[in-house]
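J.:
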Amino acid sequence: MPPDRDRPHIAVIGSGAAAAGVLLACAQRFPSGSITLMERRRDDAPPEPGAGRQSDPAYWRELYASMRAQAGRKFPPPKTRFGAVAPRLAVEGGGPVWQSRERGGLTNYWGGSTAVFRQRDFDRWPIALLDLAPFYRMAADAIGISGEIDDLSPHFESETLNRPPIRVSETTKRLIGAVNRSTPAFGFGIRAGIARLALETRGGHEHECISCGHCMVGCLQQSVYSARTTVDRFIRSGMRVLSGKVIAFDASSRRLTLEDEQTGRRDQVGPFDLIFLAAGCIGTSEIVLRSTSHLDSLGFRDNPVASFPIFYLGRLEGASEAGHVALANALLAAIPETTSSGHAFSVQIYPFLDHLWRYVVPGSVWPPFEWMGRAVRRRLMIGRLYLHSDHGPRYSLALDNRGMPTIRLEQPRSVQPGAWQALRSALSRHGFYVPPKQPVAQHTSSHYSGSLPYGSSGGPTAGGEIAPGVFVCDSSVFPDAPAWSPTLTIMANAMRTASYAGEILS
17 MPPDRDRPHI
27 AVIGSGAAAA
37 GVLLACAQRF
47 PSGSITLMER
57 RRDDAPPEPG
67 AGRQSDPAYW
77 RELYASMRAQ
87 AGRKFPPPKT
97 RFGAVAPRLA
107 VEGGGPVWQS
117 RERGGLTNYW
127 GGSTAVFRQR
137 DFDRWPIALL
147 DLAPFYRMAA
157 DAIGISGEID
167 DLSPHFESET
177 LNRPPIRVSE
187 TTKRLIGAVN
197 RSTPAFGFGI
207 RAGIARLALE
217 TRGGHEHECI
227 SCGHCMVGCL
237 QQSVYSARTT
247 VDRFIRSGMR
257 VLSGKVIAFD
267 ASSRRLTLED
277 EQTGRRDQVG
287 PFDLIFLAAG
297 CIGTSEIVLR
307 STSHLDSLGF
317 RDNPVASFPI
327 FYLGRLEGAS
337 EAGHVALANA
347 LLAAIPETTS
357 SGHAFSVQIY
367 PFLDHLWRYV
377 VPGSVWPPFE
387 WMGRAVRRRL
397 MIGRLYLHSD
407 HGPRYSLALD
417 NRGMPTIRLE
427 QPRSVQPGAW
437 QALRSALSRH
447 GFYVPPKQPV
457 AQHTSSHYSG
467 SLPYGSSGGP
477 TAGGEIAPGV
487 FVCDSSVFPD
497 APAWSPTLTI
507 MANAMRTASY
517 AGEILS
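Counting from 17, one number per residue, gives the positions in the sequence shown under the working numbering.
1) With DSSP as the reference, label Ala342 as helix, strand or coil.
2) Would Ala33 and Thr123 be called neighbours here (beta carbons separated by less than 7 Å)?
3) Alpha carbon to alpha carbon, how far is Arg512 from Glu519? Give it in angstroms, no decimals.
4) Which residues does DSSP pair with Ala208 in a beta bridge?
5) According to DSSP, which residues form a beta bridge with Glu275?
6) Suppose you measure from the CA of Glu333 to the CA of Gln364; what does that come to, to the nearest Å?
7) For Met83, collect the residues of the same chain with a Cβ closer than 8 Å to its Cβ; drop the 5 residues on either side in sequence, then sort them by chain order.
8) With a floor of 3 residues, list each beta strand (DSSP E) that falls wholly inside the segment 39–120, ordered by position along the chain.
9) Going by beta-carbon coordinates alone, are Phe324 and Phe487 separated by less than 7 Å?
10) If you pair each beta-carbon of the segment 277–296 with each one of the segment 260–267, do three or more pairs fall below 8 Å?
11) Give the secondary structure of Phe494 by DSSP, where H, G and I count as helix, E and B as strand, and everything else as coil.
12) DSSP has Gly399 in a bridge; who is on the other side?
13) With a cut-off of 8 Å on the beta carbons, I'd call Ile255 and Ile29 a contact; round off their distance for me.
14) Does the separation of the CB atoms of Ala149 and Ser174 fall below 7 Å?
15) Pull up the distance between the alpha-carbon of Gln237 and that of Ala131, whole angstroms please.
16) Please report the residue range of the alpha helix (DSSP H) in which Glu186 lies.
17) Report yes if the C-beta distance between Val240 and Arg119 is below 7 Å; otherwise report no.
18) Please go through the same chain and pick out, in chain order, the residues whose beta-carbon is closer than 8 Å to the beta-carbon of His340, but skip the five residues on each side of it.
19) What is the DSSP secondary structure of His171, reduced to helix, strand or coil?
20) Spatial neighbours of Trp382 within its chain, please: C-beta separation below 7 Å, excluding the five flanking residues on both sides.
21) Going by C-alpha distance, which of Trp126, Leu348, Phe327, Glu164 is nearest Thr187?
22) Is Trp141 buried or exposed, if buried means 16 or more other CB atoms sit within 10 Å of its CB?
23) Using alpha carbons as the reference points, say which of Ala508, Tyr402, Ser472, Arg418 lies closest to Ser461.
24) Contact defined as beta carbons within less than 8 Å: I believe Ala438 pairs with Phe202. What is the distance between those atoms, to the nearest angstrom?
25) In chain order, what residues of the same chain have a beta carbon less than 6 Å from the beta carbon of Leu311, not counting five sequence neighbours either side?
26) For Asp266, which three-state DSSP category applies?
27) Who are the Cβ neighbours of Asp167 in its own chain at under 6 Å, not counting the five residues just before and after it?
28) Assuming contact is defined by CB atoms lying nearer than 7 Å, are Pro498 and Asp157 in contact in what I supplied?
29) One question on the structure: do Pro320 and Arg395 come within less than 7 Å of each other, judged by their Cβ atoms?
30) With C-beta atoms as the reference, is Asp490 less than 7 Å away from Ala294?
31) Does the Cβ of His404 have 16 or more other Cβ atoms within 10 Å, making it buried, or fewer, making it exposed?
32) Less than 7 Å between C-beta atoms, sequence neighbours within five positions excluded: which residues of the same chain meet that for Ala155?
33) Applying the criterion that 16 or more other CB atoms from any shown protein chain within 10 Å of the CB defines a buried residue, is Met17 buried or exposed?
34) Can you round the beta-carbon distance between Phe316 and Ser465 to whole angstroms, since I take them to be within the 8 Å contact cut?
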């Protein structure tokens, strides 16, 4: 039976950033369409604590005690969502990777950083910035992006800022000014500005950020955007939801095999007019491997990330402030002066978070450390350096004889020549100091991409179609991943893919 072009049956696999983008685009393209969303669930997810708990000392004592009991006393402490860490998959030869396996996906754990890609970032892509620009605007309108026009704006010409910027400390303002007075060095010109965040900052809004400083354990105010917000809205509007693990798709019938993860029972679901694979790079790759006979394994990459301290030794005025936003407060963009300098890189600047103290300090003696934290934040910040995926670790993903994923580290991360020297040159000035010791590398940034890049053998077309009526919508299609946060681009590109699928159907 031919599809009903006005009321198509649509399947969306996943409930993270890519799925949110598909849902928003389908709502515009097919307002009368029938959407079925299939998502995995985790049994150990904690309940939402509610906004009233942020002022309850007992809640925080219990939460941090629970986190220490689970993970031990480690530094830096884990990023959690109300005490639960993201699910992990073991990696042969390396540290575990994060798994997108719950409503909201990895947006439940991200820091809200957003950035559009630049024109040069699309050099290896079959599309240009112009193709994605309208969907960047659409995504920004959907999630809300805080920020302001500043020295970064000329480098992100397609960005949309539609929320007030966060309030930052005097020290952060001085750092931004110091960097913007620097001159190019070691092949890079570096500019700084207020962080671009998917954060509700509008005064009087019910989800307005209150600068409570608890961002690293989950936002009780729901100020930081999570894809679960979008998914929940569609569910309230009547969208059908099926819980389970999608095993494979059948390209000829456009049916899906769905497994109940509690009982192991498998059922056929469908047929559908359109199928959108939006389960995250690793999840989508698993589905494609089980659905095709010509692929034995897939490779994917991660953006390398490393952390370092920034000290301020200059004079300060005024008193320390009680509240702080425990997300990136500033963003640095390092733009290569010539093509021989390599790729652009980025740095997210964080205040020295209360979370770092609170995790290791017993709750009974926390109050004096909270006061100390205010003083330390005026003198110490944390930089997180992100490099292009060309410098990141390379992994292979295959399936064992039970059809379960096995991941192996094939190539470790590498150092970008000149990047650290250029960064220290731009930061160590006007009272700021960055020690020469190389930054401390983390084993993952969770920015996985490139397992099914556009135009590759067995990969999707530029429109995302990997089989008739089946579209890949997440970061697995990225030919490469620049050093900027990928979430906004994941959403925008998923919107573009869904819009293209609508054109084909009509």
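Using N, Cα and C, we set each Cβ at its ideal position, and we do this for glycine too.
Since the model is a prediction, treat every value here as computed from it, not as a measurement.
T.: Taking the structure as given:
1) The three-state reading of DSSP puts Ala342 in coil, since its state is none of H, G, I, E or B.
2) Yes, Cβ-Cβ distance for Ala33 and Thr123 is below 7 Å.
3) Using only the alpha carbons, I get a separation of about 11 Å.
4) Beta-bridge analysis with DSSP links Ala208 to Leu348.
5) Answer is Lys261, Arg282, bridged to Glu275.
6) Cα-Cα distance, rounded: 25 Å.
7) Taken in chain order, the residues that qualify are Pro93, Pro94, Thr96, Gly99, Val233, Tyr375.
8) Given a length threshold of 3 residues, each whole run of the beta strand (DSSP E) inside the segment 39–120 is given here in chain order: 50–55, 104–108, 110–114.
9) Contact flag unset, no.
10) The segment 277–296 is in contact with the segment 260–267.
11) Note: Phe494 maps to coil in three-state DSSP.
12) As DSSP reads the structure, Gly399 sits in a beta bridge with Phe324, Ile365.
13) A quick correction: the sequence has Met, not Ile, at residue 255. Contact check for Met255 and Ile29: beta-carbon distance about 14 Å, past the 8 Å limit, so the pair fails to qualify.
14) Yes, the Cβ-Cβ distance between Ala149 and Ser174 is below 7 Å.
15) Cα to Cα, the separation comes out at about 23 Å.
16) First-last of the alpha helix (DSSP H) with Glu186: 186–196.
17) No, these two residues do not count as a Cβ contact at 7 Å.
18) Closer than 8 Å at the Cβ level, and outside the excluded window around His340, lie Ser185, Ser227, Gly229, Pro367, Leu369, Asp370, Arg393.
19) It is helical.
20) Only residues of its own chain outside the window of five on either side were considered, and among them Arg374 have a CB closer than 7 Å to the CB of Trp382, listed in chain order.
21) Nearest option by C-alpha distance: Phe327.
22) With 16 or more other Cβ atoms inside 10 Å of its own Cβ, Trp141 counts as buried.
23) Ranking Ala508, Tyr402, Ser472, Arg418 by CA distance to the CA of Ser461 puts Tyr402 first.
24) Indeed, because the Cβ distance is near 4 Å, the residues count as touching under 8 Å.
25) Cβ neighbours of Leu311 beyond the five flanking positions: Leu305, Gly474.
26) In the structure shown, Asp266 sits in a strand (DSSP, three-state: E or B).
27) Asn196, Arg207, Gly209, listed in sequence order.
28) No. Outside cutoff.
29) It is not a contact, given that the beta carbons lie outside the stated cut-off.
30) With a cutoff of 7 Å on beta-carbon distance, Asp490 and Ala294 are scored as near each other.
31) Buried.
32) So the qualifying residues of the chain are Gly37, Leu504, Met507, Ala508, Met511.
33) Residue confidence for Met17 is low, a pLDDT of 49 falling below 50, so the modelled location carries little weight and cannot support an answer.
34) Beta-carbon to beta-carbon, Phe316 and Ser465 are separated by about 6 Å, close enough to satisfy the 8 Å threshold.
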